[in-house]
Amino acid sequence: MTKKLIICLFFLTLQCQLQEKKTEIAFAETHVYDEWAGLTDTDILHKNEMDLSWRKLTNTRDTITDFLKGKNYQPKVKTVVYPFSGIDVLNLFSFYPNADRYILFGLEDPGYPNSYSSLSEKEKQIVKQGIRNLSDHLAGRNYFTYRKMKEETKKKELNGAYPVFVAFLRRMGKEILDSKEETIEGKGITYKGFTISLYDTKLHKQESLTYFKIFLIGNEGTSGDGLYEYFSNLSNIGIFTKSAEYLFHGEKRKLFRELLLKNAEFIVQDESGFPIRFFPEESWNRQVFGRYEKSWNLSGAVTPETQPELKSLSDHSNDNTLPFPFGYGYLGTKDNRQSAVLVFSKK
Numbered sequence: 040m041t042k043k044l045i046i047c048l049f050f051l052t053l054q055c056q057l058q059e060k061k062t063e064i065a066f067a068e069t070h071v072y073d074e075w076a077g078l079t080d081t082d083i084l085h086k087n088e089m090d091l092s093w094r095k096l097t098n099t100r101d102t103i104t105d106f107l108k109g110k111n112y113q114p115k116v117k118t119v120v121y122p123f124s125g126i127d128v129l130n131l132f133s134f135y136p137n138a139d140r141y142i143l144f145g146l147e148d149p150g151y152p153n154s155y156s157s158l159s160e161k162e163k164q165i166v167k168q169g170i171r172n173l174s175d176h177l178a179g180r181n182y183f184t185y186r187k188m189k190e191e192t193k194k195k196e197l198n199g200a201y202p203v204f205v206a207f208l209r210r211m212g213k214e215i216l217d218s219k220e221e222t223i224e225g226k227g228i229t230y231k232g233f234t235i236s237l238y239d240t241k242l243h244k245q246e247s248l249t250y251f252k253i254f255l256i257g258n259e260g261t262s263g264d265g266l267y268e269y270f271s272n273l274s275n276i277g278i279f280t281k282s283a284e285y286l287f288h289g290e291k292r293k294l295f296r297e298l299l300l301k302n303a304e305f306i307v308q309d310e311s312g313f314p315i316r317f318f319p320e321e322s323w324n325r326q327v328f329g330r331y332e333k334s335w336n337l338s339g340a341v342t343p344e345t346q347p348e349l350k351s352l353s354d355h356s357n358d359n360t361l362p363f364p365f366g367y368g369y370l371g372t373k374d375n376r377q378s379a380v381l382v383f384s385k386k
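Mapping the sequence shown onto the numbering used here, position 318 (from 1) lands on 357, and the numbers just tick up by one.
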C-alpha cells in the first residue's frame with residue numbers, strides 16, 4: 040500500500056511540475072502575443088486578414104507533413120540550425136517538428152526587448168499591419184524576400200523581428216513561456232538576438248527558439264570570433280536552409296560553411312543551400328524530393344555552382360512534382376515543376 044502511495048505521489052508531483060512549466064508565462068503579456076497573432080476579437084480587421092493568410096500557410100504545412108509521411112524521412116536530431124532564415128518558422132517546424140532547440144540567424148534586427156505597450160493606438164496598428172503584411176507575403180510564395188522583410192521590420196514601430204516571430208509561433212499553437220535577450224561576443228562586434236522558451240500544446244513538450252542577427256562578410260568561423268565558439272559547441276545538429284541566395288556556394292564563406300557542416304548529421308535544403316559536392320555518396324545518404332533541373336541566377340546574389348551531379352541524382356530519383364512550392368524553382372516557373380527538397384543524412 041505504501042509503495043502504491045509513493046508511486047501515486049511521484050506521478051502527481053511530476054504532473055504538477057509539467058503543468059507549472061507549461062504555464063510559466065508572463066500573463067501580462069499573453070494578450071499582447073495573441074493580439075499580434077490575430078487570435079483575439081479586439082481588432083477584427085487584423086484577425087480576419089491573419090486568418091486568411093494562415094489558412095493558406097496551414098494548408099501548406101499540412102501538405103508538407105502528409106508528403107513527408109510517404110517518404111523515408113527520419114530526422115532524429117535535437118538541435119536544428121537555420122542559416123539565412125528570416126522569420127520562416129513555419130517551414131522549419133514542418134520539416135523538423137520534433138527537435139528541442141532551434142537556432143536561426145538572418146539580417147533582421149532582433150527587436151527584443153519590445154516596447155509595444157508604450158505605443159499609441161496608431162503606432163500599434165502599424166505593428167500589426169507589418170505582421171500581417173509579412174504573413175501574407177509568406178503565404179503567397181512560401182519564402183520571404185529580404186527586401187520585404189527589411190521594409191517591414193525596419194519600421195520604428197515594429198522595431199525588428201520579435202513580434203513577427205511571436206505572432207507566427209502563436210498561430211502554430213506554441214505557448215510563449217519566456218523570452219530573454221541573447222548575445223554572441225565577437226572581435227569588435229556583438230551579435231544580438233533572443234531566445235523564446237516554448238511549449239508545444241500538440242506534442243506536449245518544451246522547446247526553445249533562438250534568433251540572432253548575423254551578417255556574414257566572409258571571414259567568420261575562426262577561433263576567437265565568437266561565432267566559432269558558439270557553433271562549435273553544437274553537436275549532432277540538423278540544418279535547414281532554403282532560398283539562401285547560394286551564399287554557401289563558392290569559397291567566400293568557406294570557413295563558416297565548414298563550421299556548420301562539421302557536426303551536421305542531417306541536412307534539409309533546396310538547391311540554393313550547400314552544394315552537393317559536400318555530401319559524397321560514400322558518407323551520406325542522399326535523396327531528392329521533387330525535381331531539380333537547374334539553379335537560378337538571381338540579381339545581386341552569388342553565382343550558383345554548376346551541379347551536374349545533383350541533376351543526375353534527380354533524374355535517377357525521378358520523383359513526382361512536389362505538391363508545395365519550395366525554393367527558387369517556383370520563382371522561375373510560377374509552379375512546382377522545378378521545386379526540389381534535398382535531404383542528406385550522415386551514414
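Idealized CB from N, CA, C, for every residue including glycine.
Close CB contacts of Ser154 within its chain, under the 8 Å cut and outside five residues either way in sequence, are with Asn198 (chain order). With a cutoff of 8 Å on beta-carbon distance, Phe233 and Glu221 are scored as near each other. Judged by DSSP in its simplified three-state form, Trp335 adopts coil rather than helix or strand. The stretch 119-130 makes contact with the stretch 284-302: 3 or more CB pairs, one atom from each, lie closer than 8 Å. The distance from the Cβ of Ile228 to that of Phe204 is about 23 Å, inconsistent with a contact at the 8 Å cut-off.
By the CB criterion at 8 Å, Arg180 and Pro364 fall inside the cutoff.
About 6 Å separates the Cβ atoms of Pro149 and Ala200, confirming a contact at the 8 Å cut-off.
For Ile170, the uninterrupted alpha helix (DSSP H) run begins and ends at 160-180, by DSSP.
Of the candidates Val380, Thr345, Thr372, Leu349, the residue whose Cα lies closest to the Cα of Asn359 is Val380. DSSP places Arg140 within a strand segment (E or B) once states are collapsed to three. By alpha-carbon distance to Ile256, the top candidate from Lys291, Leu216, Phe305, Glu214 is Lys291. If you draw a 10 Å sphere on the C-beta of Phe183, you find 16 or more other C-beta atoms in it, and that means buried. Secondary structure within the stretch 240-311: the alpha helix (DSSP H) runs of 4 or more consecutive residues, fully enclosed, are 266-271, 293-301 (chain order). Here Lys193 is exposed, its C-beta having fewer than 16 other C-beta atoms within 10 Å. The beta-carbon separation of Glu246 and Asp139, rounded to 6 Å, stays under the 8 Å limit for a contact. Glu304 places its beta carbon 8 Å or farther from that of Asn324.
Of the other Cβ atoms in all chains shown, 16 or more fall within 10 Å of the Cβ of Pro343; this residue is therefore buried. Counted as a single uninterrupted DSSP element, the alpha helix (DSSP H) harbouring Arg210 occupies residues 201-210.
For the pair Asp374 and Tyr230, the Cα-to-Cα distance works out to about 38 Å. Considering only Gly263, Arg330, Gly368, the residue with the shortest C-alpha distance to His355 is Arg330. In the DSSP assignment, Val327 forms a beta bridge with Leu381.
No Cβ-Cβ contact shorter than 8 Å links Glu68 with Arg171. Between Leu237 and Ile215, the C-beta spacing is below 8 Å. Each of Tyr151, Leu266, Thr104 was checked against the Cα of Leu129, and the nearest Cα belongs to Thr104. Linking Glu259 to Phe134 through their CA atoms gives a straight-line distance of about 28 Å.
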